[in-house]
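Take 260 as the starting number for the sequence shown in the numbering used here and just add one per residue. Cβ coordinates follow ideal geometry from the N, Cα and C atoms, glycine included. Here's the structure we're looking at; comments come further down.
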Amino acid sequence: MNIGILGLGTVGGGVVNVLSKNQNEIFARTGEQINITHAAVKHLSEPRICADGDINITEDAFEVVNNPEVDVVLELIGGTTIAKELVVAAINNNKHVITANKALIATHGNELLTLAKEKNVHLLFEAAVAGGIPILKSLEQGLSANKIELVAGIINGTGNFILTEMRDKGRDFSDVLKEAQDLGYAEADPTFDVEGIDAAHKLAILASIAFGCELQMDKVSTEGISEISGEDVAFATELNYSIKHLGIAKKVDGELQMRVHPTLIPKTQLLANVDGVMNAVLVKGNAVGPTLYYGAGAGDEATASAVIADLVDIIKNTVSHDVLGWKSLTEIPNCDVNNIESVFYLRLLATDKPGALADITTTLAKHNISVESVIQKQIDAQNNAHIAIITNSVTTANLNAAITEIQSHEFIQEDVKIIHVENLD
260 MNIGILGLGT VGGGVVNVLS KNQNEIFART GEQINITHAA VKHLSEPRIC
310 ADGDINITED AFEVVNNPEV DVVLELIGGT TIAKELVVAA INNNKHVITA
360 NKALIATHGN ELLTLAKEKN VHLLFEAAVA GGIPILKSLE QGLSANKIEL
410 VAGIINGTGN FILTEMRDKG RDFSDVLKEA QDLGYAEADP TFDVEGIDAA
460 HKLAILASIA FGCELQMDKV STEGISEISG EDVAFATELN YSIKHLGIAK
510 KVDGELQMRV HPTLIPKTQL LANVDGVMNA VLVKGNAVGP TLYYGAGAGD
560 EATASAVIAD LVDIIKNTVS HDVLGWKSLT EIPNCDVNNI ESVFYLRLLA
610 TDKPGALADI TTTLAKHNIS VESVIQKQID AQNNAHIAII TNSVTTANLN
660 AAITEIQSHE FIQEDVKIIH VENLD
């Protein structure tokens, strides 16, 4: 089987290296010789991390997708413009396509998967979500006997690294972000990672496969971690929680919730202890119960492992042409974010005056919100009290109404910080 690779950067180079060092094992599994015959790169003169002596390399990616000798195209360049054009061209040329491009699948997957089915070729993307963790195959195959109740995960390693460092070493967000950029975990423009867009792409894919609906990236409620302070991390620790940036998808009363946001998780739960750049996804099925998938969410060979696993599936003909793994997709109404029920963490900065805390709790009670726990720190030099509150389970609409009223009090010195609290057991 002849392979054409679009992009010989981190992931593309990793694919070449893994195919080379594991060729005997892969041949023993497939009985097929895999040959990387063609590749496209941005600049021929740039150094590469893989041996490429036997590969025909060009700067024109369309030469690869239009080459009749190429059986499978690996799209590993990223983005949603030229990458989409190349994938469409490859599919129209009756070539199978494997991609690690979560943005492409999340935003254009419905169209591309329909086209692939019409052309009777495969468009596979295991590597698009959680790197080397075989989470999509687990949802499509290993858990196919289940009605999925919940998917919740740490699916962006950069954000997890930042929150881990803030918790363990008491560092500021901006300081850790700079280190993440220096280490190559975060891009020069870190917006996709720290504002939740990358995780939202992945969650949209997970939700569609788990619940059998079309990809709906525009319906994912998204919040990043850039506003998480060291004080939030310290309060969470004192309250026996850990702050994680979670993607959560679940059906409640027939409506689909898809949300990405910082979340306080009890320290005793497994996801709370997934640290550094590692990823983990919790899936609950009505037959199997909770299952947890843990591993490297990025990196050259970890991601290459997922790309090559898709390639092996194509060779062994073990995947169907069903869109997103379902014979037919269901239209599931989306839950209005205002109707989502959750426990919440609130952080307030209030002038220290008699009755201030009582006024806050009275206002919450007025909106049918009770206080499960509260911490008030020592008064600072500006005579302000630092307060953290954990509420009972309330709707977002109810909470927002209460917060609006609380912030109208003169003794409140800044906007109230609100973070979801989730018990995933």
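Under the DSSP definition of a beta bridge, which residues are partnered with residue i?
{"i": "residue 605", "result": "648, 677"}
{"i": "residue 506", "result": "412, 519"}
{"i": "residue 367", "result": "BP columns for residue 367 are empty, so no partner."}
{"i": "residue 382", "result": "356"}
{"i": "residue 481", "result": "519"}
{"i": "residue 511", "result": "514"}
{"i": "residue 324", "result": "DSSP, once it has assigned bridges, lists no residue as partnering residue 324."}
{"i": "residue 270", "result": "Bridge partners of residue 270: none, in fact."}
{"i": "residue 276", "result": "Answer is none; residue 276 lacks a bridge partner."}
{"i": "residue 600", "result": "654"}
{"i": "residue 643", "result": "610"}
{"i": "residue 638", "result": "Beta-bridge pairing links residue 638 to no other residue."}
With residue i as the anchor, note down where its alpha helix (DSSP H) starts and where it stops.
{"i": "residue 282", "result": "282 to 289"}
{"i": "residue 341", "result": "341 to 351"}
{"i": "residue 489", "result": "489 to 497"}
{"i": "residue 619", "result": "615 to 625"}
{"i": "residue 315", "result": "Where residue 315 is concerned, there is no enclosing alpha helix (DSSP H), although the beta strand (DSSP E) it sits in stretches over 315 to 317."}
{"i": "residue 303", "result": "Per DSSP, residue 303 belongs to no alpha helix (DSSP H) and is neither H nor E."}
{"i": "residue 658", "result": "655 to 665"}
State yes or no: is the C-beta of residue i within less than 9 Å of the C-beta of residue j?
{"i": "residue 266", "j": "residue 309", "result": "no"}
{"i": "residue 468", "j": "residue 584", "result": "yes"}
{"i": "residue 652", "j": "residue 602", "result": "yes"}
{"i": "residue 592", "j": "residue 515", "result": "yes"}
{"i": "residue 358", "j": "residue 321", "result": "no"}
{"i": "residue 622", "j": "residue 665", "result": "yes"}
{"i": "residue 296", "j": "residue 281", "result": "no"}
{"i": "residue 362", "j": "residue 337", "result": "yes"}
{"i": "residue 507", "j": "residue 291", "result": "no"}
{"i": "residue 246", "j": "residue 542", "result": "Shown here, the chain extends from 260 to 684; a query on residue 246 therefore has no answer."}
{"i": "residue 298", "j": "residue 341", "result": "no"}
{"i": "residue 519", "j": "residue 482", "result": "yes"}
{"i": "residue 458", "j": "residue 415", "result": "yes"}
{"i": "residue 597", "j": "residue 659", "result": "yes"}
{"i": "residue 616", "j": "residue 645", "result": "no"}
{"i": "residue 556", "j": "residue 269", "result": "no"}
{"i": "residue 382", "j": "residue 395", "result": "no"}
{"i": "residue 303", "j": "residue 284", "result": "no"}
{"i": "residue 504", "j": "residue 413", "result": "yes"}
{"i": "residue 411", "j": "residue 683", "result": "yes"}
{"i": "residue 454", "j": "residue 485", "result": "yes"}
{"i": "residue 423", "j": "residue 491", "result": "no"}
{"i": "residue 561", "j": "residue 276", "result": "no"}
{"i": "residue 325", "j": "residue 294", "result": "no"}
{"i": "residue 633", "j": "residue 624", "result": "no"}
{"i": "residue 328", "j": "residue 345", "result": "no"}
Span of the beta strand (DSSP E) holding residue i?
{"i": "residue 297", "result": "294 to 299"}
{"i": "residue 634", "result": "630 to 635"}
{"i": "residue 334", "result": "331 to 334"}
{"i": "residue 261", "result": "261 to 265"}
Kindly give me the distance between the Cβ atoms of residue i and residue j, rounded to whole angstroms, as I take these residues to be in contact under 8 Å.
{"i": "residue 374", "j": "residue 567", "result": "Incorrect: roughly 24 Å between the Cβ atoms, too far for contact."}
{"i": "residue 650", "j": "residue 630", "result": "6 Å"}
{"i": "residue 360", "j": "residue 387", "result": "6 Å"}
{"i": "residue 456", "j": "residue 436", "result": "With a Cβ gap of about 15 Å, residue 456 and residue 436 do not count as contacting."}
{"i": "residue 393", "j": "residue 287", "result": "With 8 Å as the limit, residue 393 and residue 287 do not qualify as a contact, their Cβ atoms being about 19 Å apart."}
{"i": "residue 379", "j": "residue 545", "result": "Wrong, their Cβ atoms sit about 34 Å apart, outside the cutoff."}
{"i": "residue 369", "j": "residue 474", "result": "5 Å"}
{"i": "residue 332", "j": "residue 347", "result": "Actually they are not in contact, since the Cβ atoms of residue 332 and residue 347 sit about 11 Å apart, beyond 8 Å."}
{"i": "residue 589", "j": "residue 472", "result": "6 Å"}
{"i": "residue 476", "j": "residue 339", "result": "Their Cβ separation, rounded to whole angstroms, is 11 Å, which puts residue 476 and residue 339 out of contact at 8 Å."}
{"i": "residue 547", "j": "residue 409", "result": "12 Å between Cβ atoms; not a contact."}
{"i": "residue 677", "j": "residue 662", "result": "7 Å"}
{"i": "residue 517", "j": "residue 571", "result": "Going by Cβ atoms, the distance from residue 517 to residue 571 rounds to 30 Å, so no, they are not a contact pair."}
Return no unless some Cβ of chain B is closer than 9 Å to the Cβ of residue i.
{"i": "residue 522", "result": "Considering every chain present, this structure includes no chain B. It has just one protein chain."}
Completely contained beta strand (DSSP E) runs for the segment 519 to 593, where each covers 3 or more residues
Listed in chain order, the complete beta strand (DSSP E) runs (minimum 3 residues) inside the segment 519 to 593 are 537 to 544, 548 to 555.
Where are the beta strand (DSSP E) runs, 3 residues long or more, that stay fully inside the segment 387 to 473, in chain order?
Taking only runs of at least 3 residues, the beta strand (DSSP E) segments lying wholly in the segment 387 to 473 are 407 to 413.
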